[in-house]
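Comments concern the structure below.
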Amino acid sequence: MEVIQSAPVNPEPHYAQIIKADKIKTITVYEKDESNPYAVYNQEETRIERKGNEVHVYGIAMRSKFIFDVNAERPDVIEVNEGDKVYLHLTNIDFDQDITHGLGIKKYDMNMEVQPGQTNTLEFVADKAGTYPIYCTNFCSALHQEMSGYLLVKPKN
Ligand SMILES: [Cu+2]
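Taking this note's numbering, the leading residue of the sequence shown gets 121, the next gets one more, and so forth.
As structure tokens, this is what we get:
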């Protein structure tokens, strides 16, 4: 068996199956991986970089906010052009074992989970112009509901 662990997007146990405990080698908290070019461990390194029509977001998730570019007027906003290819790299800089964050973009029908210390990437083409709320989709703290931002997609014409 190759897949040992795979967490469902919604943390509910309905599809659980029994497996021998010695088969499971869990990661409680991901270790810092300074060699990962997409990982960002402090606010000062957050940034949004454009390469032609590719946009790379180097953001962080922390209790209880997203910071995509700390130097922007709105650090919780990602602004792209319609048709851009977006690589949203997100590092969860909470290194406590129970602080899993999520990132969902409403109307783009996308969601990812980012475990403590982990860096994950959401890759998509911004093919719908408009303003789209971004939410943390995993209950992470008392201020979880405040953990949000926006994706702004400027129309072509
Ligand atoms: Cu969160």
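Just so it is clear, CB atoms sit at the ideal spot from N, CA and C, and this is done for glycine as well.
Quick one: does the C-beta of N258 sit closer than 7 Å to a heavy atom of ligand 1?
-> As a working mapping, residue 258 is identified with position 138 in the sequence shown. Yes - ligand 1 has a heavy atom lying nearer than 7 Å to the Cβ of N258.
Report the rounded CA-to-CA distance for H264 versus V123, giving the unit in angstroms.
-> As a first step, residue 264 must be located in the sequence shown, where it is residue number 144. As a first step, residue 123 must be located in the sequence shown, where it is residue number 3. Cα to Cα, H264 sits roughly 30 Å from V123.
Determine, using beta carbons only, whether G237 and K152 come nearer to each other than 8 Å.
-> Position 117 of the sequence shown, counted from the first residue, corresponds to residue 237. Position 32 of the sequence shown, counted from the first residue, corresponds to residue 152. The Cβ atoms of G237 and K152 lie closer than 8 Å to each other.
Straight-line gap, Y252 to V175 (C-alpha atoms, nearest Å) = For the purposes of this step, residue 252 is identified with residue 132 of the sequence shown, where counting begins at 1. For the purposes of this step, residue 175 is identified with residue 55 of the sequence shown, where counting begins at 1. Spanning the two alpha carbons is a distance of roughly 17 Å.
Cβ separation of V197 and Y255, assumed to be a contact under 8 Å, to the nearest whole Å | Working through the sequence shown from its first residue, we reach residue 197 at position 77. Working through the sequence shown from its first residue, we reach residue 255 at position 135. Going by Cβ atoms, the distance from V197 to Y255 rounds to 14 Å, so no, they are not a contact pair.
Report, in whole angstroms, the separation of the C-beta atoms of A181 and V206, which I expect to be a contact under 8 Å.
-> The residue you call residue 181 lines up with position 61 of the sequence shown. The residue you call residue 206 lines up with position 86 of the sequence shown. The distance from the Cβ of A181 to that of V206 is about 17 Å, inconsistent with a contact at the 8 Å cut-off.
Proximal residues to T148 (C-beta, below 6 Å), its chain only, five neighbours per side dropped = Taking the first residue of the sequence shown as position 1, residue 148 is located at position 28. Shown here for T148: same chain residues with a beta carbon closer than 6 Å to its own, the five before and five after excluded, namely Q217 in chain order.
Counting only runs of 3+ residues fully inside the stretch 150-221, write out the beta strand (DSSP E) ranges in chain order.
-> Runs of the beta strand (DSSP E) inside the stretch 150-221: 167-171, 174-182, 185-187, 197-201, 205-212.
Nearest-angstrom Cα distance between E243 and G224?
-> Within the sequence shown, the letter at position 123 stands for residue 243. Within the sequence shown, the letter at position 104 stands for residue 224. Within the model, the alpha-carbon separation for E243 versus G224 is close to 12 Å.
Starting from M230 and walking both ways along the beta strand (DSSP E), at which residues does that stretch end?
-> Taking the sequence shown and counting its residues from 1, the one referred to as residue 230 is at position 110. Secondary structure note for M230: its beta strand (DSSP E) is the uninterrupted segment 230-234.
A181: beta carbon under 7 Å from a heavy atom of ligand 1?
-> Within the sequence shown, the letter at position 61 stands for residue 181. Yes, the Cβ of A181 comes within 7 Å of a heavy atom of ligand 1.
Would you report the Cα separation of I219 and T211, rounded to the nearest angstrom?
-> Counting from 1 along the sequence shown, the entry for residue 219 is found at position 99. Counting from 1 along the sequence shown, the entry for residue 211 is found at position 91. Near 12 Å, if we compare the C-alpha coordinates of T211 and I219.
Could you pull the start and end residues of the beta strand (DSSP E) that E266 belongs to?
-> Position 146 of the sequence shown, counted from the start, is the residue given in the question as residue 266. The continuous stretches of beta strand (DSSP E) do not include E266, and DSSP gives it neither H nor E.
With DSSP run on the structure shown, which of helix, strand or coil describes K143?
-> Position 23 of the sequence shown holds residue 143. Helix at K143.
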